Structure formats: structure tokens, C-alpha cells
Amino acid sequence: MKTEVYLHGQILGTHSFLLKGDFPQPDSYSEILARYFLPGGETGTAATVLSSLGVQVKMDGTHIGREPAELIRSFYANKTADLSSIYFDPDWEGLVDHVLIAGPYRTPMGRFQHLYEAGIKRWNAPKEQDIIDCQAVGIDPYFQEETQMVAELCVKHHKPYVTIDCRHDTYLHQHAAINVLSHECTDGDYKGHTLEEVYELLTGTAEGLVIITAGEDGMYYGRKGQPMQYMPAFKVDVRSTLGAGDTYKAGCVYALLHGMSDEETVRFAAACSGVAISRFPLPLNPPTLEEVNALLAKGN
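Each residue of the sequence shown is one higher than the last, beginning at 260 in my numbering.
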């Protein structure tokens, strides 16, 4: 299979529960409207979305243990996603999470710290040939020196990459073509800083495009030496926000692959995310290029 995009990061199984009403208060009851067990993780979701957009993807990263193994294999069997670099570990239970969803809100629960506390690296180092063979790359910032290896190989082989939630003082940010920061990152890593200060820190330490997302409040973006630009979010009926950020990253990777301008990139990724949050579950209903273009034509 020809590879257009290489993705390295989190791949797992997600148990998602869409609630009929609001989130339950302590010691109260909530009705589950729908539940699914489907592939998730930033890289898993991005691969699903990019495949729906017609992109040939190869992904690697998290080892896949027993619980999500058959799900991962069967789900991607008829998609343009190559799993040949992933390690399936029959001796490990595997990584899954559980997510409660109510309207625009979601609460994930999992055992992600187990990846770092077990004393065993349950993720792959990148294979250099995978990066040589692709045109663009998406990198999740979770796997320590192996993550930086991906970025270093991209620099070595002149492959542009998109990453997410990376601080201004990291190698991953400083060499990225695009770094997308969520409000969880800016509220945490840059607590006490104004939006303008965060923008200056990020654009002052890299040549790439910086995008700071703020959910329904829109996006701020720009590059070194440029004033910060603003773009509103698309107005859609929100069904579930699970996977919204991962879909935004996928939209940026698609835009990078197709040589879009900064403004086109921000709008295209926002439209991808807008389509994604209008349905549930996302893995079974990922945005198509026709749907994204229709939302772009409608305007934001």
C-alpha cells in the first residue's frame, strides 16, 4: 500500500457512553442512550478520519494488547490504513478507556499512567523507512524519546509534520510544520499567561504554524513575526465532542499534505471537526470530503 501519511501515537479501544440527559450528580442516576466499543486515541481517530477523507495512512505507536486487538484489526481491515508496523502483544491486556458523553461535555477515564508506571515501554520506536516512504506525518507527544525520534527522522528526511499540545521549549514544537494547542494545554502549561503571551512564546520559538483552539469560541493562529489571527468556529448542532481535537489534527495533516495556506488549513481543520461533533459515534460516521466541503461552503 502506498503511504501518504505516517501517524505515530496513541491507538486504543474506547468504550463510549452517550447519556440521555445531563451528567449525573453524585449518588444520582443517568440513563445511557447509546454505547459502543470502537478504536480511539489521537492517532487511532486521526487515522479513521484521514481514511474517510481518502488518504492512505500508516500508523504506529501504542502496543495493542489482547482486549482491543480484534477490534483494531477488524475495524481497519476495509480502510486505507496500514497496521503492519503496529506490535500486537498477546501477553498484555491492552489499553482501553471509558468516556461519558453528555452534549458538549465528555469525561474520559482510563489507565494511561499504567503505560509509564509498569517499567516496560508499551509503544514502538519509529521505523525510519516508514517516514522515508511517506509525504507528511502526524505525531502525538506522549512517548518520550521515541516521540522525539519521529520528529528527528522527519527533520532528517525533510518530512513536514503536525503535532499537538507541545510547549514552546520542546524539539517537537520547534521543528513542527503545525502545532495545534488545545485549551487544556494552554490552561495547564501556561496558567497565568495571557493568550497573547502564549502566542508570542510559541511563534517566537518556531517557524511553523501555531494554532490555539478554544472549542466553540474559535481559533487563534499565526507564525513568527505575524499578528495573531482569529477564526470563529463553525456553528453546528453538537451531538458529541469525543474525537473533536483528534479530527482537527487530522484536518491539519490533510491540509499539510495538500499544500493549503494557513487560513485554508485552519478553516479546513475546523470544518472537519465541525462535521465530527455533529454525530455519534465518530468512528462509524467520520467526516467525508463532501461533507467537509459542504460545511466550508456554508461558512463560519
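All residues carry an ideal CB built from backbone N, CA and C; glycine is no exception.
Just so it is clear, the structure is predicted and the values come from calculations on it, not from any experiment.
- The stretch 423-435 and the stretch 390-405 touch, with three or more beta-carbon pairs separated by less than 8 Å.
- For residue 321 and residue 270, the gap between their C-alpha atoms comes out near 6 Å.
- Inter-residue distance for residue 368 and residue 288 is about 18 Å (C-alpha atoms, whole angstroms).
- Of the other Cβ atoms in all chains shown, 16 or more fall within 10 Å of the Cβ of residue 526; this residue is therefore buried.
- Burial is judged here by how many other beta carbons sit within 10 angstroms of a residue's own beta carbon; residue 427 has at least 16 and is buried.
- Of the residues assessed, residue 438 falls on the buried side of the cut-off, its CB having 16 or more other CB atoms within 10 angstroms.
- The shortest C-alpha to C-alpha distance from residue 267 to any of 308, 332, 384, 362 is the one to 384.
- Within the stretch 328-404, the runs of beta strand (DSSP E) that reach at least 3 residues and sit entirely inside it are, in chain order, 355-361, 364-369, 395-398.
- Here residue 333 is actually not in contact with residue 545; their C-beta atoms are around 16 Å apart, not less than 8 Å.
- Pairing residue 387 with residue 264, the inter-Cα distance amounts to about 14 Å.
- Of the other Cβ atoms in all chains shown, 16 or more fall within 10 Å of the Cβ of residue 479; this residue is therefore buried.
- According to DSSP, residue 275 shares a beta bridge with 295, 358.
- Taking residue 281 as the centre and dropping the five residues before and after it, the same chain places the C-beta of 289, 361, 362 closer than 8 Å to its C-beta, in chain order.
- DSSP, reduced to helix, strand and coil, places residue 508 within a helical segment of the structure shown.
- The beta strand (DSSP E) runs of length 3 or more contained entirely in the stretch 428-478 are, from start to end of the chain, 437-440, 468-472.
- DSSP places residue 288 outside both helix and strand once states are collapsed to three, so it counts as coil.
- For the 9 Å CB-CB criterion, residue 540 and residue 277 form a contact.
- For residue 521, the enclosing alpha helix (DSSP H) starts and ends at 521-535.
- Beta-bridge analysis with DSSP links residue 481 to 469.
- Residue 329 and residue 353 do not touch by the CB rule: their CB atoms are close to 10 Å apart, not below 8 Å.
- The C-alpha of residue 349 is placed about 43 Å away from the C-alpha of residue 492.
- Shown here, residue 304 sits in a helix according to DSSP, grouped into three states.
- Per DSSP, residue 418 is not a residue of any alpha helix (DSSP H), being assigned neither H nor E.
- Collapsing the DSSP output to three states places residue 495 in coil.
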